[in-house]
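J.:
2 protein chains.
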Amino acid sequence: MYSPRIQKILKAAKISIGDRISVQDGRKTHEGLLMPSPETSDPESIILKLDNGYNVGVSFGKSTKIAKSRAHEPRAVKEEARFELGKTSREILKLKFDPKKPLVTLIATGGTISSRVDYKTGGVKTIENPQDFLHNVPELVDMANIRLTSPFAKMSEDMNYTDWVELAKAVARELNTGAKGVIVTHGTDWLHYTSAVLSFFLRNLTKPVVVVGAQRSSDRGSSDAGMNLLCAVHTALSDMAEVGICMHASIMDDYCLFMRGTKVRKMDTQRRDAFRPVNDLPLARVYPSGKIEKLKKDVRIRSEGKVESDTKFEPRIAIIKPYPGSDPSVIDYHVSKGVKGFVVEGSGLGHVPTNGKGEWISTIKKHVKDGIPFVVTPQTIYGRINPNVYTNLRVLYHEAKAIPGEDMLTETAFVKLGWVLGHTKDPEKVREMMLTNYAGEISERTLPETFLY
Amino acid sequence: MYSPRIQKILKAAKISIGDRISVQDGRKTHEGLLMPSPETSDPESIILKLDNGYNVGVSFGKSTKIAKSRAHEPRAVKEEARFELGKTSREILKLKFDPKKPLVTLIATGGTISSRVDYKTGGVKTIENPQDFLHNVPELVDMANIRLTSPFAKMSEDMNYTDWVELAKAVARELNTGAKGVIVTHGTDWLHYTSAVLSFFLRNLTKPVVVVGAQRSSDRGSSDAGMNLLCAVHTALSDMAEVGICMHASIMDDYCLFMRGTKVRKMDTQRRDAFRPVNDLPLARVYPSGKIEKLKKDVRIRSEGKVESDTKFEPRIAIIKPYPGSDPSVIDYHVSKGVKGFVVEGSGLGHVPTNGKGEWISTIKKHVKDGIPFVVTPQTIYGRINPNVYTNLRVLYHEAKAIPGEDMLTETAFVKLGWVLGHTKDPEKVREMMLTNYAGEISERTLPETFLY
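These protein sequence lines are chains A and B, in that order.
Under the working numbering, the final residue of the first sequence carries the number 918; numbering is consecutive throughout.
Under the working numbering, the final residue of the second sequence carries the number 918; numbering is consecutive throughout.
Rendered as structure tokens:
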């Protein structure tokens with residue numbers, strides 16, 4: 466609670482909790498959202514949530530000035546906005562369909578892109594009305610008829626494989642019922658798991674599927690939500706029949722990157738350009754103006770044909786990350802709990818510790834004999850597993866029969882392993898499928914310029 | 466086995482297994498080390514190990530030409546080489562000590578930098594004589610008296626905490642008995658664990674400690690061993706009293722980076738410039754010529770004073786990496802096996818999955834109550850944990866009392882947690898120490914230019 470004095474000042478300035486205000490204190494000016502005063506805080510201090518997400522307390526002295534700020538308020542959706550409701554979603558808006566414009570379906574699943582600051586707690590919570598997406602980008606509705614659907618609203622780290630199955634089916638259904646492309650809005654933490662899922666689950670893909678998120682919620686001045694969505698619509702209307710992630714390319718608002726869904730990863734906790742291609746070039750640069758510059762030659766081109774969703778998936782899989790002194794008996798534990806396959810994040814070219822006793826390798830060998838596959842991916846993130854260089858590698862891959870994950874990301878290998886095990890339990894077939902390129906997940910060679918792109 | 470025809474041709478050209486040869490076949494010329502022909506291979510194909518580490522088979526036709534190559538043979542150590550033997554090591558060379566030159570101790574622990582191609586298997590094995598280090602860099606002995614010691618020879622992924630303790634004690638001993646600086650040669654896979662270990666274990670550091678490895682063994686044309694060692698000696702003789710990793714800065718042989726031991730990570734399986742600073746600038750550029758360009762202002766400067774080794778360490782710690790659908794009961798399993806503390810690689814700003822049921826958070830909360838600390842580091846590698854933005858983060862950090870790992874690397878947080886638990890079991894003290902900056906492991910703010918440096 467603020468002190469009675471502060472409450473009086475706020476009231477006089479017609480400022481309520483949640484308003485965007487500026488507080489001038491001597492030479493310094495702070496701008497942000499007015500937060501409630503926590504119990505533990507000095508009631509004479511104004512608590513602001515800054516655009517960088519941090520809270521700051523400004524002690525309110527005699528010379529302190531406070532004013533409501535008008536910047537960054539959400540723009541209203543234009544009156545002529547047109548939407549058609551997805552049949553699978555709850556009704557959101559009732560607006561007229563413009564038959565001269567293409568149809569793009571936007572599937573909202575949750576995450577920061579559909580979050581706002583919670584003025585009660587100072588944290589961030591999910592918005593309840595998906596139309597809030599469009600507040601910052603009214604131009605979307607000039608470009609296309611946007612069909613909004615929302616099968617569920619979850620943060621990405623809370624999604625599980627049943628959500629993935631539902632999402633893939635929804636995407637296929639939309640693509641097969643008139644949508645020129647589909648945009649999936651999504652939390653960013655594990656966005657790259659979902660982009661990998663859609664890459665494997667959607668077979669015979671003939672249209673763009675654009676997975677997009679935001680690192681800063683749309684009620685922040687520095688939000689990337691608007692530009693990411695705008696670029697996503699351009700991508701959804703483009704000729705690229707690929708599953709990819711479309712996010713800021715740099716900390717500038719210059720353009721987005723459209724990155725193949727199996728070769729991309731969140732590489733920073735907070736930056737707007739956190740999503741980077743790994744062991745691969747981006748598919749394209751996408752500008753807010755609509756200009757698209759392709760960066761790869763093998764981009765699949767839009768065509769006709771029904772998109773299939775092949776969602777058979779074995780969810781009982783695990784990721785194991787060895788570390789110095791780590792005990793491989795954790796593998797036995799997982800197996801006892803029913804785990805049917807493992808992705809092991811190996812060190813360097815694909816090592817596991819031997820500690821001179823070789824228990825990691827012998828543990829893996831034992832379970833491989835029982836028909837449980839082990840795929841090894843690089844802890845280094847970048848680069849490729851090479852099963853031939855060192856003697857211990859030869860033992861692990863040629864004797865113990867671990868599967869070298871080539872240059873796949875751990876996250877991609879995890880999704881692929883679940884998908885492969887959804888189709889076969891035959892160890893030889895699992896190995897063959899894991900080493901077959903289904904969705905651009907394995908590069909034949911790694912271009913030097915892809916390192917830390 | 467090669468065919469009798471090939472064996473005859475090789476004999477005529479005086480070529481033996483392991484020789485560096487060139488094979489010309491039409492327009493293409495391959496150069497590499499001649500490998501034995503594996504049983505599964507066509508006996509008419511010449512098997513070469515290329516400088517990139519891969520084997521290639523060249524079918525030997527009528528127009529194929531083969532010749533011994535003289536390039537890249539190890540240079541002999543100059544006759545005037547001077548070494549003094551470390552008292553702790555087995556005797557390697559008996560050479561005269563030059564009192565006009567400074568003393569640098571080189572502690573050899575194993576890894577690619579002390580490996581050669583095994584001509585029997587085509588893999589790589591540890592060299593048996595540490596003097597082989599110096600074959601490619603005879604200039605080292607012009608710069609300093611090099612004292613060689615080798616407490617153990619292991620690949621880095623096989624080292625454990627007793628090795629770390631032994632190594633830190635050896636480094637302190639050398640620094641306190643006349644060495645101007647110490648170089649540790651080491652396997653690269655988990656080099657960054659050891660650099661973090663030495664950063665915490667060596668207190669009151671007054672001289673340089675340079676950890677160095679090689680991505681390609683010294684008998685390959687593209688080896689980085691020589692230049693890395695040369696730059697390491699320059700660094701060991703410099704005024705920087707820091708523990709750091711010195712490795713190639715780029716795929717060119719232009720200069721090395723000296724990177725703070727707690728803020729560096731292997732980011733590629735194979736590239737010579739695989740070691741990159743994370744959330745930090747490198748301490749310095751180090752050129753083979755000896756030129757040093759410092760890149761950070763807070764580099765500690767060489768001084769007098771005894772270096773302490775504070776090696777108290779709790780090895781019963783674990784790293785946990787959540788993934789979609791992951792089961793937090795693995796934490797209970799580790800605790801049942803005696804684990805006393807965890808580093809959790811959280812998603813995004815530091816999340817764990819809730820799956821709507823919150824079992825990850827409740828599992829952590831339960832064990833924190835029992836006095837077991839959980840430190841959360843970013844799965845994204847780059848960036849910082851922020852315990853305040855989302856509601857679930859507030860629950861995890863403020864209610865369940867997980868410790869936000871700031872911008873520490875997982876590997877660094879792991880080593881630090883073991884070191885902290887070696888000193889105290891008091892939860893409040895553990896939290897306080899984990900959030901205290903001891904060895905540059907926590908940056909106050911992250912410079913934008915450090916992302917993907």
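Just so it is clear, CB atoms sit at the ideal spot from N, CA and C, and this is done for glycine as well.
1) Would you kindly work out how many angstroms separate the C-alpha atoms of B:Thr911 and B:Val854, rounded to a whole number?
2) Is the shortest distance between the beta-carbon of A:Gln735 and the beta-carbons of chain B less than 8 Å?
3) Give the range of the beta strand (DSSP E) segment to which B:Phe879 is assigned.
4) Just verifying my parser: in three-state terms, what is the DSSP assignment at B:His651?
5) Contact criterion: CB-CB distance below 8 Å. Does A:Lys779 meet it with respect to chain B?
6) On the criterion of 16 or more Cβ atoms from any shown chain inside 10 Å, does A:Arg737 qualify as buried, or is it exposed?
7) Would B:Met712 and A:Tyr847 qualify as a contact pair, given that the criterion is a beta-carbon distance under 8 Å?
8) In terms of alpha-carbon separation, which member of B:Thr734, B:Phe723, B:Glu604 and B:Ser687 lies closest to B:Gly652?
9) What does a CB cutoff of less than 7 Å around A:Val860 pick up in its chain, not counting 5 residues either side in sequence?
10) Is there a Cβ from chain A that is less than 8 Å from the Cβ of B:Met624?
11) Identify whether A:Gln961 lies in helix, strand or coil by the three-state DSSP scheme.
12) Helix, strand or coil for A:Leu579, going by three-state DSSP, please let me know.
13) Which of the three DSSP states is assigned to A:Thr574 in this structure?
14) Determine the burial state of A:Thr776: buried for a count of at least 16 other Cβ atoms within 10 Å of its Cβ, exposed for fewer.
15) Kindly confirm or deny that the region 882-901 of chain A and the region 774-788 of chain A touch, where touching means at least three C-beta pairs closer than 8 Å.
16) Does DSSP put A:Phe723 in a helix, in a strand, or in coil?
17) Applying the 10 Å Cβ sphere with the 16-neighbour rule, what's the burial state of A:Thr570?
18) Tell whether a beta-carbon distance below 8 Å holds between A:Val630 and A:Ile572.
19) Hey, how far is the Cα of A:Phe617 from the Cα of A:Gly575?
20) When the distance is taken between beta carbons, is B:Asn744 closer than 8 Å to B:Asp872?
21) I need the straight-line Cα distance from B:Ser801 to A:Gly803, nearest angstrom please.
22) Quick one: Cα of A:Lys566 to Cα of A:Ile766, how far?
23) Given A:Leu632, which residues of its chain have a CB within under 8 Å of its CB, disregarding the five upstream and five downstream residues?
24) Do you know offhand how far B:Asn902's Cα is from B:Phe665's?
25) Please report the residue range of the alpha helix (DSSP H) in which B:Phe740 lies.
26) Assuming A:Asp507 contacts A:Gly522 (C-beta within less than 8 Å), just tell me the rounded distance between them.
27) If I'm right that B:Thr828 touches B:Pro793 with Cβ under 8 Å, what's the distance once you round it to whole angstroms?
28) Which of the three DSSP states, helix, strand or coil, is assigned to A:Ile868?
29) Which residue comes first and which comes last in the alpha helix (DSSP H) that contains A:Gly691?
30) With a cut-off of 8 Å, does the C-beta of A:Trp884 fall near any C-beta of chain B?
31) Would you check whether the ligand MN has a heavy atom nearer than 7 Å to the C-beta of A:Pro469?
32) Report the three-state DSSP secondary structure of A:Gln735 (helix, strand or coil).
33) Is there a C-beta anywhere in chain B that falls below 8 Å from the one on A:Thr776?
34) Could you tell me the alpha carbon to alpha carbon distance between A:Leu874 and A:Thr842, rounded to whole angstroms?
35) Within the region 798-875 of chain A, note down every full alpha helix (DSSP H) run reaching 4 residues or more, in order along the chain.
36) Compare the C-beta of B:Leu632 against all C-beta atoms of chain A and say whether one is closer than 8 Å.
T.: The relevant details are as follows:
1) As a position in the second sequence, residue 911 of chain B is number 446, starting the count at 1. As a position in the second sequence, residue 854 of chain B is number 389, starting the count at 1. Those two C-alpha atoms are separated by around 18 Å.
2) Counting from one through the first sequence, the residue named residue 735 of chain A turns up at place 270. A:Gln735 counts as touching chain B.
3) Indexing the second sequence from 1 puts residue 879 of chain B at position 414. No beta strand (DSSP E) holds B:Phe879; the alpha helix (DSSP H) holding it covers Thr875 to Leu886.
4) Position 186 of the second sequence, counting from 1, holds the residue named residue 651 of chain B. Here B:His651 sits in coil by DSSP.
5) Here the question's residue 779 of chain A lines up with position 314 in the first sequence. Residue identity differs from the one stated: residue 779 of chain A is Glu in this sequence, not Lys. Not an interface residue.
6) For the purposes of this step, residue 737 of chain A is identified with residue 272 of the first sequence, where counting begins at 1. Label assigned to A:Arg737: buried.
7) Sequence index remark: in the second sequence, residue 712 of chain B carries index 247 (1-based). Sequence index remark: in the first sequence, residue 847 of chain A carries index 382 (1-based). No, the Cβ-Cβ distance between B:Met712 and A:Tyr847 is not below 8 Å.
8) Residue mapping note: residue 652 of chain B aligns to position 187 of the second sequence, counting from 1. If we check each option's Cα against that of B:Gly652, B:Thr734 comes out closest.
9) Position 395 of the first sequence, counting from 1, holds the residue named residue 860 of chain A. Once the five neighbours on either side are set aside, the close Cβ partners of A:Val860 are Ile826.
10) As a first step, residue 624 of chain B is located in the second sequence; it is residue number 159 there, counting from the start. True, the Cβ-Cβ gap to chain A drops below 8 Å.
11) Because chain A is modelled from 466 through 918, residue 961 of chain A falls outside the range shown and cannot be assessed.
12) On the first sequence, residue 579 of chain A is found 114 positions in, with the first residue counted as 1. Position check: residue 579 of chain A holds Ser in this sequence, whereas Leu was assumed. Reduced to three states, the DSSP call for A:Ser579 is helix.
13) Locating residue 574 of chain A in the first sequence gives position 109, where the first residue counts as 1. A:Thr574: coil per DSSP, three-state reduction.
14) Sequence index remark: in the first sequence, residue 776 of chain A carries index 311 (1-based). Flag for A:Thr776 reads buried.
15) yes
16) Taking the first sequence and counting its residues from 1, the one referred to as residue 723 of chain A is at position 258. Correct three-state label for A:Phe723: strand.
17) For the purposes of this step, residue 570 of chain A is taken as the residue at position 105 of the first sequence. So A:Thr570 counts as buried.
18) To locate residue 630 of chain A, count along the first sequence from 1; it is residue 165. To locate residue 572 of chain A, count along the first sequence from 1; it is residue 107. For A:Val630 and A:Ile572, no; Cβs fall outside 8 Å.
19) Numbered from its first residue, the first sequence carries residue 617 of chain A at position 152. Numbered from its first residue, the first sequence carries residue 575 of chain A at position 110. Going from the Cα of A:Phe617 to the Cα of A:Gly575 covers about 7 Å.
20) Taking the second sequence and counting its residues from 1, the one referred to as residue 872 of chain B is at position 407. Taking the second sequence and counting its residues from 1, the one referred to as residue 744 of chain B is at position 279. It is a contact, given that the beta carbons lie within the stated cut-off.
21) Here residue 801 of chain B refers to the residue found at position 336 when the second sequence is read from its first residue. Here residue 803 of chain A refers to the residue found at position 338 when the first sequence is read from its first residue. Roughly 19 Å separates the two Cα atoms.
22) If you number the first sequence from 1, residue 566 of chain A lands on position 101. If you number the first sequence from 1, residue 766 of chain A lands on position 301. The alpha-carbon atoms of A:Lys566 and A:Ile766 are separated by roughly 21 Å.
23) Reading the first sequence from its first residue, position 167 is the one you call residue 632 of chain A. Around A:Leu632: Ile572, Thr574, Pro616, Val649, Thr659, Val662 and Leu663.
24) Here the question's residue 902 of chain B lines up with position 437 in the second sequence. Here the question's residue 665 of chain B lines up with position 200 in the second sequence. The straight-line gap from Cα to Cα measures roughly 10 Å.
25) Taking the first residue of the second sequence as position 1, residue 740 of chain B is located at position 275. No alpha helix (DSSP H) contains B:Phe740, which is instead part of the beta strand (DSSP E) from Phe740 to Pro742.
26) Residue numbering aside, residue 507 of chain A sits at position 42 when the first sequence is read from its first letter. Residue numbering aside, residue 522 of chain A sits at position 57 when the first sequence is read from its first letter. Rounded, the Cβ-Cβ distance is 7 Å, consistent with contact.
27) Within the second sequence, residue 828 of chain B is the residue found at index 363, counting from 1. Within the second sequence, residue 793 of chain B is the residue found at index 328, counting from 1. Confirmed, about 4 Å.
28) In the first sequence, counting from the first residue as 1, residue 868 of chain A sits at position 403. Three-state result, A:Ile868: strand.
29) Locating residue 691 of chain A in the first sequence gives position 226, counting from the first residue. Element bounds for A:Gly691: Ala690 to Ala701.
30) Position 419 of the first sequence, counted from the start, is the residue given in the question as residue 884 of chain A. Taking Cβ atoms only, chain B never reaches closer than 8 Å to A:Trp884, which makes this a no.
31) What this structure holds is no ligand at all, so the ligand MN is not there to describe.
32) Taking the first sequence and counting its residues from 1, the one referred to as residue 735 of chain A is at position 270. Residue state, collapsed to three classes: coil.
33) Mapped onto the first sequence, residue 776 of chain A falls at position 311. No, because no Cβ of chain B sits closer than 8 Å to the Cβ of A:Thr776.
34) On the first sequence, residue 874 of chain A is found 409 positions in, with the first residue counted as 1. On the first sequence, residue 842 of chain A is found 377 positions in, with the first residue counted as 1. Taking the straight line joining both Cα atoms gives about 7 Å.
35) 824-834 and 856-859
36) Here residue 632 of chain B corresponds to residue number 167 of the second sequence, with the count starting at 1. Not an interface residue.
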